[in-house]
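Top to bottom, those sequences are chains B and A.
So this note's numbering is basically just the index in the first sequence, starting at one, shifted up by 437.
So this note's numbering is basically just the index in the second sequence, starting at one, shifted up by 437.
Beta carbons are placed, not taken as given, at the ideal position from N, Cα and C, and that holds for glycine.
Remarks on the structure that follows.
Protein chains: 2
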Amino acid sequence: MKGIEAMFFAYRGFTQDPDRILAQHGYGRAHHRAIHFIHRWPGTTVSNLLSILGVTKQSLNRVLRALIEDGMVESAKGTVDKRERHLTLTEAGSALEAELSEAQSARVQAAYASAGPEAVAGFELVLEAMMDRDLFGHYTRLGDDRGTDRGET
Amino acid sequence: MKGIEAMFFAYRGFTQDPDRILAQHGYGRAHHRAIHFIHRWPGTTVSNLLSILGVTKQSLNRVLRALIEDGMVESAKGTVDKRERHLTLTEAGSALEAELSEAQSARVQAAYASAGPEAVAGFELVLEAMMDRDLFGHYTRLGDDRGTDRGET
DNA sequence: CTTGGAATGTCAACAAGGCTGACGTATTCT
DNA sequence: AGAATACGTCAGCCTTGTTGACATTCCAAG
Numbered sequence: 438m439k440g441i442e443a444m445f446f447a448y449r450g451f452t453q454d455p456d457r458i459l460a461q462h463g464y465g466r467a468h469h470r471a472i473h474f475i476h477r478w479p480g481t482t483v484s485n486l487l488s489i490l491g492v493t494k495q496s497l498n499r500v501l502r503a504l505i506e507d508g509m510v511e512s513a514k515g516t517v518d519k520r521e522r523h524l525t526l527t528e529a530g531s532a533l534e535a536e537l538s539e540a541q542s543a544r545v546q547a548a549y550a551s552a553g554p555e556a557v558a559g560f561e562l563v564l565e566a567m568m569d570r571d572l573f574g575h576y577t578r579l580g581d582d583r584g585t586d587r588g589e590t
Numbered sequence: 438m439k440g441i442e443a444m445f446f447a448y449r450g451f452t453q454d455p456d457r458i459l460a461q462h463g464y465g466r467a468h469h470r471a472i473h474f475i476h477r478w479p480g481t482t483v484s485n486l487l488s489i490l491g492v493t494k495q496s497l498n499r500v501l502r503a504l505i506e507d508g509m510v511e512s513a514k515g516t517v518d519k520r521e522r523h524l525t526l527t528e529a530g531s532a533l534e535a536e537l538s539e540a541q542s543a544r545v546q547a548a549y550a551s552a553g554p555e556a557v558a559g560f561e562l563v564l565e566a567m568m569d570r571d572l573f574g575h576y577t578r579l580g581d582d583r584g585t586d587r588g589e590t
C-alpha cells in the first residue's frame, strides 16, 4: 500500500508553495480554499460554499470576514432571495488567487509533464474514485467550467 | 486545472475513514501519522520521525507522549547511541494500526479497483513527481519493505 | 397574514495541533 | 575539556476546527 504514503507526501508538496504565499499575506489554507472556490464559482452563496468546504458556518465566517475586511472578497445581498449573500473576488482578490493558482499549478504541471498524459488520466481517475460521493457532486458541478480559469489546462 | 480540486476532494475522502476511528480513541491525524510511520519503520528514532513528518519536536513530542502513556508505543533507549530513543508499536498499537490501515486501504483499494491497474500506475507516477525532493527520499527509503505490511497490495 | 423554516451573522468558549523561544540533561564526537 | 547531538519539557501564541445559543431577515405555505 505505497499509495497511502504517496498521498501523504504528495499532499505536502501540493500545499507547500501556496502556503508560503499565504503566510506573506497573513492568511492560511482556509483562506486559500475560500478564495479558490469563490474564483471557480463566482457569485456563489455562503451555504453553497459551506457544503463544498464541509466546515461549520462559524469557521467559514471567520475566514470570510477577514477576506471581506481586507477587500479581497465582495459580499452582495441577493436580488431574488435577499437572505443570500453572493460572493465574488475583488480585483485584489483575483490577483491573489492568480498568484496562488500559478504557484500551485506550476508544481502540478511539472508533475504532469514528467509523468506523461496517460499517467495524468489515471491520476484523475483514481482521485475521482477516492472522493466521497457527495463531494463528487460538487466536483463534477465545478467541472462545467464557466470560462473563469485562465487556461491552465 | 481540475487536478487541484480533485486533490482537495480526494484527500478528504482519503482521511475520512481513519478519522472516525481515531476520534473513538481520542486521537487525531497527528497520532495516525506517528503510528503509521512507526509501523512502517519499527525501531526508528525520534529525529528520523521528525524529518519524515516535518513538524517540530515539541509537536511530535506531545503526540508521542500520549501514545506512550496509553501503551500504544514503546520507547527504548538506544544501545549503540544511548541518546537515541527507538520507537516501536506495542501489541495494542499494532492492533490500532491494523484497524486504521484496514479502513484506509479499503477505500483506496476500492478506488484502485474501479479505476483499473493502468490508472493506478499513473496515479502513483504523478504523486511521486509531485513530492518534494527531500520527502521523496523518505518515500523511496520506506519502499524497501521489511515485510511489515499485511499484503494489502 | 401568521408562522415555520431557511440563510446568514455573531458571541463565547474550547480543543487539536501547528509554531517559536528557552532551558536542561545525557551522551558522543573532536 | 569543550562543542555538538538527541531528546524532553515548560510556556505562550496562532489558526482552524468544534458546539451552543441567539438575532435578523426573508421566503413560502397554510
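Quiz item: Would the beta-carbon of D571(B) be found less than 6 Å away from any heavy atom of the ligand COA?
Solution: Among the components of this structure there are no ligands whatsoever, and the ligand COA is therefore not found.
Self-check item: Close Cβ partners of A540(B) (< 7 Å) along its chain, the five nearest in sequence each way excluded
Solution: So the qualifying residues of the chain are D454, P455 and I458.
Quiz item: Along the chain, where does the alpha helix (DSSP H) that runs through E565(B) open and close?
Solution: Segment P554 to M567, the alpha helix (DSSP H) holding E565(B).
Self-check item: Under 8 Å by beta carbon: chain A residues contacting G530(B)
Solution: Within chain A, no residue has its beta carbon less than 8 Å from that of G530(B); the closest one is some 17 Å off.
Practice problem: For chain B, find out if any of its Cβ atoms is closer than 7 Å to the Cβ of S542(A); answer yes or no. | Solution: The beta-carbon of S542(A) is placed less than 7 Å from the nearest beta-carbon of chain B.
Self-check item: Counted within 10 angstroms of its Cβ, other Cβ atoms place V517(B) as buried (16 or more) or exposed
Solution: Exposed is the label assigned to V517(B), since fewer than 16 other Cβ atoms lie within 10 Å of its Cβ.
Quiz item: How big is the Cα-Cα spacing for V500(B) and H468(B)?
Solution: When rounded, the distance between both Cα atoms is 6 Å.
Quiz item: Which whole-angstrom value is the C-beta distance of M567(B) and A447(A), which I expect to be below 8 Å?
Solution: About 4 Å; that satisfies the 8 Å criterion.
Practice problem: Tell me whether E521(A) sits in a helix, a strand or coil according to DSSP, three-state version. | Solution: Note: E521(A) maps to coil in three-state DSSP.
Quiz prompt | Span separating the alpha-carbon of L524(A) from that of E511(A) | solution = L524(A) and E511(A): Cα-Cα distance of roughly 6 Å.
Quiz item: Hey, how far is the Cα of A543(B) from the Cα of R578(A)?
Solution: Our two residues, A543(B) and R578(A), have alpha carbons roughly 27 Å apart in a direct line.
Self-check item: Member of I441(B), H462(B) and L564(B) whose CA lies at the smallest distance from the CA of G508(B)
Solution: Of I441(B), H462(B) and L564(B), the residue nearest in Cα terms is H462(B).
Practice problem: In angstroms with no decimal places, state the Cα-to-Cα distance between G559(B) and R520(A). | Solution: If you take the alpha carbons of G559(B) and R520(A), they lie about 46 Å apart.
Self-check item: Positions along the stretch 481-492 of chain A whose CB lies within less than 8 Å of some CB in chain B
Solution: Residues passing the 8 Å Cβ filter: G491.
Exercise. Could you tell me whether the stretch 529-539 of chain B touches the stretch 545-553 of chain A, where touching means 3 or more Cβ pairs closer than 8 Å?
Key: Flag = no, the stretch 529-539 of chain B and the stretch 545-553 of chain A do not touch.
Quiz prompt | 7 Å CB neighbourhood of G584(B) in its chain, flanking five on each side removed | solution = Model confidence at G584(B) stands at a pLDDT of 38, short of 50, so the residue's coordinates are unreliable and nothing is read from them.
Quiz prompt | Whole-angstrom distance between T493(A) and E589(A), CA atom to CA atom | solution = Note that E589(A) scores 40 on pLDDT, short of 50, meaning its location in the model is unreliable; the coordinates nonetheless yield the value given after this. Roughly 31 Å between the two C-alpha positions.
Quiz item: If you draw a straight line from the alpha carbon of Y576(B) to that of H473(B), how long is it in whole angstroms?
Solution: Cα to Cα, the separation comes out at about 13 Å.
Quiz item: How would you label A471(B), buried or exposed, when you count the other beta carbons within 10 angstroms and need 16 or more for buried?
Solution: Its Cβ being crowded by 16 or more others within 10 Å, A471(B) is buried.
Self-check item: Whole-number beta carbon distance between R522(A) and A529(A), since they are thought to touch under 8 Å
Solution: With 8 Å as the limit, A529(A) and R522(A) do not qualify as a contact, their Cβ atoms being about 19 Å apart.
Self-check item: Range covered by the beta strand (DSSP E) that runs through V510(B)
Solution: V510 to K514 is the span of the beta strand (DSSP E), which, as asked, contains V510(B).
Quiz prompt | Where T481(B) falls: helix, strand or coil (DSSP) | solution = Looking at T481(B) - three-state DSSP - the assignment turns out to be strand.
Self-check item: Cβ pair G574(A), V545(B) closer than 7 Å
Solution: Against a cut-off of 7 Å, the Cβ pair of V545(B) and G574(A) comes out as no contact.
Quiz prompt | Alpha carbon of L564(A) to alpha carbon of M444(B), nearest angstrom | solution = Inter-residue distance for L564(A) and M444(B) is about 7 Å (C-alpha atoms, whole angstroms).
Quiz item: What first and last residue would you give for the alpha helix (DSSP H) that runs through M444(B)?
Solution: Per DSSP, the continuous alpha helix (DSSP H) segment holding M444(B) begins and ends at K439 to H462.
Quiz prompt | the stretch 541-567 of chain B: positions lying closer than 8 Å to chain A by Cβ | solution = Listed by position, the residues of the stretch 541-567 of chain B near chain A (Cβ gap below 8 Å) are Q541, S542, R544, V545, A547, A548, Y549, S551, A552, G553, E555, A556, V557, A558, G559, F560, E561, L562, V563, L564, E565, A566 and M567.
Self-check item: Status (buried if at least 16 other CB within 10 Å, exposed otherwise) for G450(B)
Solution: A residue is called buried once 16 or more other Cβ atoms fall within 10 Å of its Cβ, and G450(B) is buried on that count.
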